[in-house]
Amino acid sequence: MSSPLFSPSATREQLIRAVLPGLLLATLTLLLGFGLGVVFGLNEEAITSRLAATAAQAPPAVYHGDAAMVQSVLAKSWTYMQRSHLHAGALGTTAVALTVVVVLIGVRDTLARLVSVALGLGGLGYALFWVLAGARAPALGSTGAAKESLAWLAIPSSGLVVAGTLSVAVLLVLRYLDHPSRPS
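With the sequence shown counted from 1, adding 843 to any position gets you the numbering used here.
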């Protein structure tokens, strides 16, 4: 008996067409990662100077005159921005790879699109979360406050990536059980 999750009659073209929105989002995530790498490589000093200027413009109550606190927040802010670059590359690549798996195992087009979009959108959102948190922290005086202010982006984005990845794992198991290997 065939599972309703898989489409034995769908062509590769139909399945590929179904996952194009997710693949586009994954590709945009990869481009974000590459773009951040180029921008960071060419402008590290300008970016870190801008972060320092933002911290200097913060109200006195934010840092209470604590220079060590300022330096700590600035260092972590730059780390968060770099983390965005790394997450974009990893999550974009993961979204493409898992989308290909979904196509290869013949998941029905609507479910394939849903999983692919979850992976692509989640990866893009989560990578953006890190660069935005890094940019916001100096004005807020805390990377924790910056992350908290962007929870609306981080939680759903990371949830989409985890849900998409878990979905692919479940689909792989179901596909295996649907068509077990038979001895020849």
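No residue lacks a Cβ here, since even glycine has one placed at the ideal position from N, Cα and C. Bear in mind the structure is a predicted one, so any value in this text is a computation, not a measurement.
Just to confirm before moving on: does the CB-CB distance between residue i and residue j stay below 8 Å?
i	j	result
Gly-935	Thr-872	yes
Ala-933	Val-945	no
Gly-1007	Val-939	no
Gly-977	Tyr-923	yes
Which residue wins for smallest C-alpha separation from residue i, given the options the options?
i	options	result
Asn-960	Leu-947, Ser-992, Leu-1003, Arg-979	Reading off the sequence, residue 960 comes out as Val, not Asn. It is Leu-1003 whose Cα lies nearest to the Cα of Val-960.
Val-1005	Phe-883, Leu-863, Gly-968, Ala-861	Gly-968
Thr-942	Gly-977, Pro-851, Ile-859	Ile-859
Asn-886	Ala-853, Ala-980, Trp-921	Trp-921
Met-912	Gly-984, Pro-864, Thr-897	Gly-984
Gly-865	Leu-964, Gln-914, Thr-937	Leu-964
Ala-854	Ala-994, Leu-1009, Arg-951, Leu-1020	Looking at the sequence provided, one finds Thr at residue 854 rather than Ala. When only C-alpha atoms are compared, the closest one is Arg-951.
Val-1011	Leu-874, Ala-988, Thr-937	Thr-937
Ser-1000	Val-1013, Val-1016, Ala-931	Ala-931
Leu-874	Leu-929, Leu-1009, Leu-947	Leu-929
Thr-986	Lys-919, Ser-927, Val-1013, Phe-972	Lys-919
With a cut-off of 8 Å, does the C-beta of residue i fall near any C-beta of chain D?
i	result
Arg-956	Going by chain labels, chain D is absent from the structure shown, which holds only one protein chain.
Check the C-beta distance from residue i over to residue j and give it rounded, since I have them as a contact under 8 Å.
i	j	result
Leu-879	Val-974	7 Å
Phe-849	Arg-979	About 44 Å; that fails the 8 Å criterion.
Thr-897	Ala-982	5 Å
Ala-869	Leu-962	7 Å
* To do: List in chain order: all unbroken beta strand (DSSP E) runs of 3+ residues lying wholly within the region 990-1017.
  => none
* **Start-end ranges of the alpha helix (DSSP H) lying completely within the region 851-900, minimum 4 residues** => Runs found: 855-899.
* Asked: Taking the runs of the alpha helix (DSSP H) that are 4 residues or longer, which of them lie wholly in the region 940-990?
  -> Complete alpha helix (DSSP H) runs here, min 4: 952-983.
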